[in-house]
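Colleague: Quick one: the structure is below, questions incoming.
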Amino acid sequence: MDDGAAARAGMSFVERPDIADDDSDDGDGDDAEDHVIQPSDAVLLAAATEEDEHAVLLVHVYDAAAGSLYVHHDVTLPALPLCVAWMDVAPRRHDGGSAAPLASYAAVGTFEPGIEIWNLDVLDPLEPSAVLGGWAPGTAGGAGAGGKKKKKGGAAAVVEGSHSDAVIGLSWNATHRQVLASAGADEVVKVWDVTTQMCSATLTHHSDKVQSVAWHATEAAVLASAAYDGKLAILDVRAAAAAALLPLGADPECLIWDPHDGSRLMAGTEDGAVACWDVRKVGAPPLFRFAAHGEGVAGLSASPHHRGLLATASEDKTVRLWDASAAGGAAMPVLLAAKPMAVGRLFAVSFYPGTPFLLATGGSKGQVALWHTDDEPAVAARFLRGEAPAGAAAASANVGSSSSSSAAAAPAAAAEKAALKKAQQEEDDRVVAAIEGMAVDDGEAKKQKKHAKDGSKKHKKKKGKSG
Numbered sequence: 001m002d003d004g005a006a007a008r009a010g011m012s013f014v015e016r017p018d019i020a021d022d023d024s025d026d027g028d029g030d031d032a033e034d035h036v037i038q039p040s041d042a043v044l045l046a047a048a049t050e051e052d053e054h055a056v057l058l059v060h061v062y063d064a065a066a067g068s069l070y071v072h073h074d075v076t077l078p079a080l081p082l083c084v085a086w087m088d089v090a091p092r093r094h095d096g097g098s099a100a101p102l103a104s105y106a107a108v109g110t111f112e113p114g115i116e117i118w119n120l121d122v123l124d125p126l127e128p129s130a131v132l133g134g135w136a137p138g139t140a141g142g143a144g145a146g147g148k149k150k151k152k153g154g155a156a157a158v159v160e161g162s163h164s165d166a167v168i169g170l171s172w173n174a175t176h177r178q179v180l181a182s183a184g185a186d187e188v189v190k191v192w193d194v195t196t197q198m199c200s201a202t203l204t205h206h207s208d209k210v211q212s213v214a215w216h217a218t219e220a221a222v223l224a225s226a227a228y229d230g231k232l233a234i235l236d237v238r239a240a241a242a243a244a245l246l247p248l249g250a251d252p253e254c255l256i257w258d259p260h261d262g263s264r265l266m267a268g269t270e271d272g273a274v275a276c277w278d279v280r281k282v283g284a285p286p287l288f289r290f291a292a293h294g295e296g297v298a299g300l301s302a303s304p305h306h307r308g309l310l311a312t313a314s315e316d317k318t319v320r321l322w323d324a325s326a327a328g329g330a331a332m333p334v335l336l337a338a339k340p341m342a343v344g345r346l347f348a349v350s351f352y353p354g355t356p357f358l359l360a361t362g363g364s365k366g367q368v369a370l371w372h373t374d375d376e377p378a379v380a381a382r383f384l385r386g387e388a389p390a391g392a393a394a395a396s397a398n399v400g401s402s403s404s405s406s407a408a409a410a411p412a413a414a415a416e417k418a419a420l421k422k423a424q425q426e427e428d429d430r431v432v433a434a435i436e437g438m439a440v441d442d443g444e445a446k447k448q449k450k451h452a453k454d455g456s457k458k459h460k461k462k463k464g465k466s467g
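Right under this line is the structure:
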């Protein structure tokens, strides 16, 4: 793909990489075997959009033993994608008292109000297995050929319970597997039951476009959201009116819960900062807020295997690795490594749940890159051998705090510069691979951000900083 393609915030690893090939009987034995995804393979989803507005959902497979990353199959999408979430429940009713059988599906949010659910166990599907919400059939908003809205005049109607504008963020509930949350440009958060394909709750605690949503990993009813009203919200969806609203300080880009401490919530913002809150202390300032990048932090990922290992991805085209295990108060996360990923402006980042140090990121060149982060000496020393990071006193500056001294800032800048220089000199053949993850063209995310801020319905081409 050319520089006009991108990977948008929605890149998602598949936690159950045993996608079947329903068409395997049609090929010979060798071809059928090529389609089999092994349990040891890592599967990564990415939605990509090219200059001609052709959109696809890419299912990538990484064979670590062979060191190869390839597209297993792709799905043509009828509308421009903005976010992707993987889930293991089929969008249909399940009879009986037992748990719903395991499956492999991708929920895709687009510039349309409907959320498409695609079956990843099927090669070359012609249509989604289900659509949550969307335009009402036969109305002015219904999609015509190529997934473009028909314009017959009059107000476009959506089905009951649907978003009325673009779906910007998605989060799958790991505890109640049939539950999906969505963030909309219509200023609301919705909660869906994918087995009934019905909206079970519409949450109106924000006053501007909602950028991100994230379910708590273990508290099934706890949801966090971040919007362009400058607010971070934490709420129990059973009592949404009591949502706690915290100031973000800048427009949000991404939102994650700490997998090792359920009381900690982190957000990346367009000013390059990362902040962390203790949600038990509503009204208290962030535990820490630091300048992670000079441009927007479009992606955040905390390692599920190593407490404190944090990755940030930015519009400055780099991923940075931090030790946040001792961060809090005057102590800021310590920079361990930085790497230009060679895939353009970065829109998302994620550690792979099945491999402790494997990380993926997607960028504006329409590619994804993989990074075996344990190849970095500082990462290996800290998280494999338990050594204190060198230059721990040179933590990143605490944004808006007077506690950071120039003496600490200078070593931090020097360490960062040295890490970047080293990374730029190294060629890592394993790192760059074809994109995956969350894509809109290079200007697309900026267009959506503009759309989110001024409510414009137009899709204008413009130079974006990144996703």
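Under UniProt numbering, the residues of the sequence shown are numbered 1 to 467, in order.
Glycine is no exception: its CB is placed at the ideal position from the N, C-alpha and C atoms.
None of the values given here were measured: they were computed from a predicted structure.
By DSSP, does Phe290 sit in helix, in strand, or in coil?
Modeller: The residue labelled residue 290 in the question sits at position 290 within the sequence shown. In this structure, Phe290 counts as strand in the three-state DSSP scheme.
Colleague: Would DSSP call Asp374 helix, strand or coil?
Modeller: On the sequence shown, residue 374 is found 374 positions in, with the first residue counted as 1. Helix at Asp374.
Colleague: Is the beta carbon of Val71 sitting closer than 7 Å to the one on Pro113?
Modeller: As a position in the sequence shown, residue 71 is number 71, starting the count at 1. As a position in the sequence shown, residue 113 is number 113, starting the count at 1. Inclusion of Val71 and Pro113 in the CB contact set at 7 Å is not warranted, their separation being larger than that value.
Colleague: Let's test the definition: count the other Cβ atoms within 10 Å of the Cβ of Lys281 and tell me whether it reaches 16, buried, or not, exposed.
Modeller: Counting from one through the sequence shown, the residue named residue 281 turns up at place 281. Answer is exposed; the Cβ neighbour count stays below 16.
Colleague: Restricting to Cα atoms, I'd like to know which of Ala201, Leu232 and Ala185 is closest to Leu246.
Modeller: Working through the sequence shown from its first residue, we reach residue 246 at position 246. When only C-alpha atoms are compared, the closest one is Leu232.
Colleague: Spell out a yes or no on whether the region 60-68 and the region 84-92 are touching, meaning 3 or more CB-CB pairs, one atom from each, closer than 8 Å.
Modeller: Taking 8 Å as the limit for Cβ pairs, the verdict is that the region 84-92 does not touch the region 60-68.
Colleague: Based on DSSP bridge pairs, tell me the residues matched to Ala181.
Modeller: In the sequence shown, counting from the first residue as 1, residue 181 sits at position 181. In DSSP, Ala181 forms a bridge with Ser171 and Val191.
Colleague: Return helix, strand or coil for Arg92, following the three-state DSSP convention.
Modeller: Here the question's residue 92 lines up with position 92 in the sequence shown. Of the three classes helix, strand and coil, the one that applies to Arg92 here is coil, per DSSP.
Colleague: Can you give me the C-alpha to C-alpha distance between Ala244 and Leu235, rounded to a whole angstrom?
Modeller: Within the sequence shown, numbered from 1, the residue matching residue 244 stands at position 244. Within the sequence shown, numbered from 1, the residue matching residue 235 stands at position 235. Taking the straight line joining both Cα atoms gives about 6 Å.
Colleague: Any idea if residue 540 is buried or exposed, counting beta-carbon neighbours within 10 angstroms, 16 or more meaning buried?
Modeller: Here the chain covers residues 1 to 467 and nothing more, so residue 540 does not appear.
Colleague: Assuming Lys213 and Ala183 form a contact by the criterion Cβ under 8 Å, report the distance between their Cβ atoms to the nearest whole angstrom.
Modeller: Along the sequence shown, read from residue 1 onward, the residue named residue 213 stands at position 213. Along the sequence shown, read from residue 1 onward, the residue named residue 183 stands at position 183. According to the sequence provided, residue 213 is Val. The question's Lys does not apply to it. Their Cβ separation, rounded to whole angstroms, is 4 Å, which keeps Val213 and Ala183 in contact under 8 Å.
Colleague: How many angstroms separate the CA atom of Trp192 from the CA atom of Pro377?
Modeller: Along the sequence shown, one-based indexing puts residue 192 at 192. Along the sequence shown, one-based indexing puts residue 377 at 377. Their Cα atoms are separated by approximately 44 Å.
Colleague: Please state if the CB of Ala313 and the CB of Arg289 are separated by a distance shorter than 7 Å.
Modeller: Counting from one through the sequence shown, the residue named residue 289 turns up at place 289. Counting from one through the sequence shown, the residue named residue 313 turns up at place 313. Against a cut-off of 7 Å, the Cβ pair of Ala313 and Arg289 comes out as no contact.
Colleague: For the beta strand (DSSP E) holding Leu126, just list the boundary residues, first then last.
Modeller: For the purposes of this step, residue 126 is identified with residue 126 of the sequence shown, where counting begins at 1. It is not in any beta strand (DSSP E) - Leu126 carries neither H nor E in the DSSP assignment.
Colleague: Check the DSSP bridge columns for Ile117 and list the partner residues they point to.
Modeller: Here residue 117 is taken as the residue at index 117 of the sequence shown, counted from 1. Note: Ile117 sits in a beta bridge opposite Ala107 and Ala130.
Colleague: Whose C-alpha, out of Phe351, Thr204 and Val368, is nearest the C-alpha of Pro259?
Modeller: Residue numbering aside, residue 259 sits at position 259 when the sequence shown is read from its first letter. Among Phe351, Thr204 and Val368, the Cα nearest to that of Pro259 is on Phe351.
Colleague: For the beta strand (DSSP E) containing Ile234, list its first residue and its last residue.
Modeller: Taking the sequence shown and counting its residues from 1, one reaches residue 234 at position 234. Here the beta strand (DSSP E) through Ile234 covers Lys231 to Asp236.
Colleague: Tell whether a beta-carbon distance below 7 Å holds between Ala107 and Leu170.
Modeller: Residue 107 sits at position 107 when you count from the first residue of the sequence shown. Residue 170 sits at position 170 when you count from the first residue of the sequence shown. Yes, these two residues count as a Cβ contact at 7 Å.
Colleague: Under the assumption that Gly308 contacts Ala324 (Cβ atoms under 8 Å), give the Cβ distance between them as a whole number of angstroms.
Modeller: As a working mapping, residue 308 is identified with position 308 in the sequence shown. As a working mapping, residue 324 is identified with position 324 in the sequence shown. A Cβ-Cβ distance of about 5 Å is found for the pair Gly308 and Ala324, placing them in contact under the 8 Å criterion.
Colleague: Look up Phe357 in the DSSP assignment and say whether it is helix, strand or coil.
Modeller: Looking up residue 357 in the sequence shown gives position 357. Coil.
Colleague: How is the beta strand (DSSP E) around Arg320 delimited, first residue to last?
Modeller: Working through the sequence shown from its first residue, we reach residue 320 at position 320. DSSP places Arg320 in the uninterrupted beta strand (DSSP E) bounded by Thr318 to Asp323.
Colleague: So, are the CB atoms of Pro286 and Ala275 less than 7 Å apart?
Modeller: Position 286 of the sequence shown holds residue 286. Position 275 of the sequence shown holds residue 275. Against a cut-off of 7 Å, the Cβ pair of Ala275 and Pro286 comes out as a contact.
Colleague: Three-state secondary structure (DSSP) at Ala239?
Modeller: Position 239 of the sequence shown holds residue 239. Note: Ala239 maps to helix in three-state DSSP.
Colleague: How is Arg345 classed by DSSP in three states: helix, strand or coil?
Modeller: To locate residue 345, count along the sequence shown from 1; it is residue 345. Arg345 falls in the coil class under three-state DSSP.
Colleague: Just curious, the beta strand (DSSP E) that Gln211 is in, first and last residue?
Modeller: Residue mapping note: residue 211 aligns to position 211 of the sequence shown, counting from 1. Where Gln211 is concerned, the enclosing beta strand (DSSP E) stretches over Val210 to Trp215.
Colleague: To the nearest angstrom, how far is the alpha carbon of Thr76 from that of Asp124?
Modeller: Taking the first residue of the sequence shown as 1, we reach residue 76 at position 76. Taking the first residue of the sequence shown as 1, we reach residue 124 at position 124. Straight-line Cα distance between these residues: approximately 8 Å.
Colleague: Checking the sheet assignment: what are the DSSP bridge partners for His54?
Modeller: One-based indexing of the sequence shown puts residue 54 at position 54. When DSSP reads this structure, His54 sits in no beta bridge, so it has no partner.
Colleague: What is the DSSP secondary structure of Lys339, reduced to helix, strand or coil?
Modeller: Here residue 339 refers to the residue found at position 339 of the sequence shown. Reduced to three states, the DSSP call for Lys339 is strand.
Colleague: What separation, rounded to the nearest whole angstrom, lies between the Cα atoms of Glu219 and Trp322?
Modeller: Here residue 219 refers to the residue found at position 219 when the sequence shown is read from its first residue. Here residue 322 refers to the residue found at position 322 when the sequence shown is read from its first residue. Straight-line Cα distance between these residues: approximately 27 Å.
Colleague: Got a sec, what are the start and stop residues for the beta strand (DSSP E) Glu253 sits in?
Modeller: Stepping through the sequence shown from its first residue, residue 253 is reached at position 253. Element bounds for Glu253: Pro252 to Trp257.
Colleague: Under the three-state reduction of DSSP, which class applies to Val158: helix, strand or coil?
Modeller: As a first step, residue 158 is located in the sequence shown; it is residue number 158 there, counting from the start. Correct three-state label for Val158: strand.
Colleague: Can you list, in chain order, the residues of its chain with a C-beta nearer than 8 Å to that of His216? Leave out the 5 residues immediately preceding and following it.
Modeller: On the sequence shown, residue 216 is found 216 positions in, with the first residue counted as 1. Cβ within range, chain order: Val222, Leu223, Ala224, Trp257 and Gly262.
Colleague: Could you check if Leu336 is buried or exposed, using at least 16 other CB atoms within 10 Å of its CB as the buried criterion?
Modeller: As a working mapping, residue 336 is identified with position 336 in the sequence shown. So Leu336 counts as buried.
Colleague: Taking Asp316 as the reference, give the member of Glu187, Lys339 and Lys209 with the closest Cα.
Modeller: Counting from 1 along the sequence shown, the entry for residue 316 is found at position 316. With distances taken between Cα atoms, Asp316 lies closest to Lys339.
Colleague: For Trp86, decide whether its Cβ has a neighbour in chain D, counting only Cβ atoms nearer than 7 Å.
Modeller: Among the chains of the structure shown, chain D does not appear; only one protein chain is present.
Colleague: Which same chain residues end up closer than 6 Å to Ala360 when comparing Cβ atoms and leaving out the 5 residues on each side of it in sequence?
Modeller: Locating residue 360 in the sequence shown gives position 360, counting from the first residue. Within the same chain, Ala360 has close Cβ partners Leu44, Ser350, Val368 and Leu370.
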